[in-house]
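Beneath this line is the structure, given in structure tokens, with notes to follow.
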Amino acid sequence: VGTKYVGSGESFLFQLYPETQIYPWAPRSNSCFMLGKSNHIEMGAGGSAGLWIDHEFNRGFSGKCATYSSPPLASSEDFICTVFEVWSFDQTNLRD
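Next comes the structure, spelled out in structure tokens:
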């Protein structure tokens, strides 16, 4: 549980529908990459969170975000999570 955003400009947001789009960090915006709190996780800030997921991985929100210069990523800003995937490309940072 954190009180500060963490991460780096290597992070990004993406969407797959209606077409694949990748939203890398917009360097002139802010450094609000990732934040984990007891009741949610979020990526991005400035206007809205680019991606916000509740602590049960059930409900989410996606709004226009300055960090990644991204529009809302879903067809509705508020949504229900039906599938949640987590990817890692560096196993040295994984914990059991």
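Read in this note's numbering, the sequence shown has 13 at position 13, and its numbers run on one by one without any break. No residue lacks a Cβ here, since even glycine has one placed at the ideal position from N, Cα and C. Given the structure is predicted, the values throughout are model-derived calculations rather than measurements.
At least 8 angstroms separates the beta-carbon of glycine 44 from that of leucine 73. Counting only the Cα atoms, methionine 34 lies some 14 angstroms from alanine 26. In the structure shown, tryptophan 25 adopts coil according to DSSP, grouped into three states. Bridge partners of leucine 13 according to DSSP: Tyr23. An exposed status is given to cysteine 81, since fewer than 16 other beta-carbon atoms sit within 10 Å of its beta-carbon.
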